[in-house]
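In our numbering, the protein residues as written are 1431 to 1494.
Just below is one structure, and these are the notes that go with it.
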């Protein structure tokens, strides 16, 4: 049971972190910097994934 929980939480935490990393790397590209719509899109992804990550951490802390 504990191993399943840890495996699940590892996945649940790594997914938003990976998505934030990809979106932030996209924002660093020169062609993106000139496109306001893309900046809004990728910053929105970062914001949403941060919310997911925060919720997951809060859930783990409640369980602990």
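Each residue gets a CB set at the ideal place from its N, CA and C atoms; glycine is no exception.
Please report the residue range of the alpha helix (DSSP H) in which residue i lies.
| i | result |
| --- | --- |
| residue 1466 | 1466 to 1493 |
| residue 1456 | 1432 to 1457 |
Quick test of your reading: residue i and residue j, contact by CB under 8 Å. State the CB separation rounded to the nearest angstrom.
| i | j | result |
| --- | --- | --- |
| residue 1462 | residue 1468 | 5 Å |
| residue 1457 | residue 1473 | 7 Å |
Check whether the Cβ atoms of residue i and residue j lie closer than 9 Å to each other.
| i | j | result |
| --- | --- | --- |
| residue 1490 | residue 1439 | yes |
Is the region 1432 to 1448 close to the region 1478 to 1485, with three or more CB pairs under 8 Å?
-> Yes, since at least three Cβ pairs between the region 1432 to 1448 and the region 1478 to 1485 fall closer than 8 Å, the two stretches touch.
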